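Using our numbering, you'd call the opening residue of the sequence shown number 1 and step up by one each time.
Report on the structure given below.
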Amino acid sequence: MKKFLKRAVVITLTVAMAATMMTGCKKKKKDAATLVVGTNAEFEPFEYVSSKDAVIDKYSGIDIEIIKKVGEENNKTVKIENMEFDSLIIALNQKKVDAVIAGMTITPERSEEVDFSEPYYTAKQVMIVREDNTDITKAADMSGKKIAVIQGFTGQTVVEDDLKFPFEAFKKGTEAVTELKNGKCDVVVIDSATANQYLKENEGLKIVEDNEAFESEEYGIAVRKGDKDTLDMVNASVKKFKEDGTIDAISAKYAAASETAEDSEEPSSEEGSEEANTEE
Ligand code: ARG
């Protein structure tokens, strides 16, 4: 290669590198006012895509409302990145997102990879079966049955590691529920509030609980390990929203919305009045 050509290449490369570095700096500055939050918006009532009642972009749900308020509280615009549930912790650790809110249960395994905020919601696993099913009344009855779980959810962990039953893992809850409706599996193990949601949207299903086999779980907001700034910020807001009733009000609003949609004929006395108060 001739000398001047070599020089031209060096100059071009230097300019290109400088330009990349400059855009890098620009990006960082802009990001200070933006909180990029990862979720998997296939987990109603916590996060889902909605054209009617969208909260941030096209996303709605309890988690989306909570994180929007965290942003408001800290003068940050929240940007939602929707991805597969299994990718969330990876995206967080690759710095593609600053935090994750996804009805994510705080577990010891996950706590090795990320830091969790204070818990903001208590849940448990339940079993969804077809309405005519009389065989499954407790978790042990799933032995020998065709069990469906959602890939990477704690429902899978419980079936795989605690109960040690064989199972089929689906990418989405809706896929598992369709299999159940079509008689291709006998039971779907999933978080309680989401199970309720599926019952509202699908006929012929019922929920079976087993509070002994399924311990209660707590949802937390995940941040990168050691990212004290984001953790402190999120924790201060979560603490405040738990104390001042914000989180309860948001949860009640979504519970009321879906219950009105389900069966308006039989409102249970106290719950009915409570819901009426929290409805917008
Ligand atoms: N709570 C369960 C877990 O942490 C399920 C969460 C699923 N959330 C979602 N956005 N898809 O594994």
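Yeah, the Cβ is synthetic: ideal placement off N, Cα and C, and Gly gets one too.
All of these numbers come straight from a predicted model, not from anything done at the bench.
Per-residue DSSP class, three states only, for residue i
i, result
"Phe85", "helix"
"Ile221", "coil"
"Ala32", "coil"
"Glu42", "strand"
"Ile190", "strand"
"Gln283", "The structure shown does not extend to residue 283, since the chain spans only 1 to 280, so no value can be given for it."
"Asn277", "In this predicted model, Asn277 has a pLDDT of only 37, less than 50, meaning its place in the structure is not dependable; the value taken from the coordinates is given anyway. In the structure shown, Asn277 sits in a helix (DSSP, three-state: H, G or I)."
"Met233", "helix"
"Lys79", "strand"
"Ile106", "coil"
"Glu201", "helix"
"Phe165", "coil"
"Val70", "helix"
"Lys184", "coil"
"Lys206", "strand"
"Ile128", "strand"
"Asn93", "helix"
Bridge partner(s) assigned by DSSP for residue i
i, result
"Ser60", "Tyr48"
"Val177", "Paired residue(s): none; Val177 is not in a bridge."
"Ala123", "Glu217"
"Val100", "Gly38, Ala222"
"Asp115", "Val223"
"Phe170", "Ile150"
Proximal residues to residue i (C-beta, below 7 Å), its chain only, five neighbours per side dropped
i, result
"Val78", "Leu35, Val37, Ile56, Ile67, Lys68, Gly71"
"Lys95", "none"
"Thr137", "Val208"
"Val247", "According to the sequence shown, residue 247 is Ile rather than Val. Once the five neighbours on either side are set aside, the close Cβ partners of Ile247 are Ile66, Tyr120, Phe241."
"Leu231", "Asp115, Ser117, Val223"
Alpha-carbon spacing of residue i relative to residue j, whole angstroms
i, j, result
"Val189", "Asp161", "14 Å"
"Thr157", "Pro45", "22 Å"
"Asp229", "Gly245", "24 Å"
"Ala236", "Gly183", "47 Å"
"Phe241", "Gly144", "44 Å"
"Ala91", "Ile80", "13 Å"
"Thr107", "Phe153", "11 Å"
"Glu118", "Glu209", "26 Å"
"Ile64", "Lys76", "14 Å"
"Asp115", "Met142", "34 Å"
"Ala249", "Ser258", "14 Å"
"Glu168", "Ala32", "42 Å"
"Lys52", "Gly61", "12 Å"
"Glu203", "Arg130", "9 Å"
"Asp98", "Tyr254", "26 Å"
"Thr134", "Thr174", "23 Å"
"Ala123", "Glu212", "14 Å"
"Val187", "Val238", "34 Å"
"Ala252", "Leu163", "32 Å"
"Pro166", "Glu201", "27 Å"
Beta-carbon proximity list for residue i, same chain, < 8 Å, skipping 5 on both sides
i, result
"Phe170", "Ala148, Val149, Ile150, Gln151, Ala176, Glu179"
"Glu113", "Ile89, Asn93, Lys225"
"Gln125", "Thr154, Gly155, Val158, Val189, Ile190, Asp191, Ser192, Phe214, Glu217"
"Lys172", "Glu42, Ile150"
"Leu205", "Ile128, Val129, Arg130, Glu131, Val177, Leu180, Lys181, Tyr198, Leu199"
Cut-off 6 Å between Cβ atoms - residues of its own chain near residue i, not counting five sequence neighbours on either side
i, result
"Ala41", "Glu47, Tyr48, Val49, Tyr59, Asn82"
"Ile74", "According to the sequence as given, residue 74 is Asn; it is not Ile. Taken in chain order, the residues that qualify are Met233."
"Tyr121", "Tyr219"
"Phe43", "Gly103, Thr194"
"Cys185", "Lys146, Ala148, Glu179"
"Val100", "Gly38, Leu88, Leu92, Ala222"
"Phe85", "Asn40, Gly152"
"Arg110", "none"
"Ala54", "Ser60"
"Ala140", "none"
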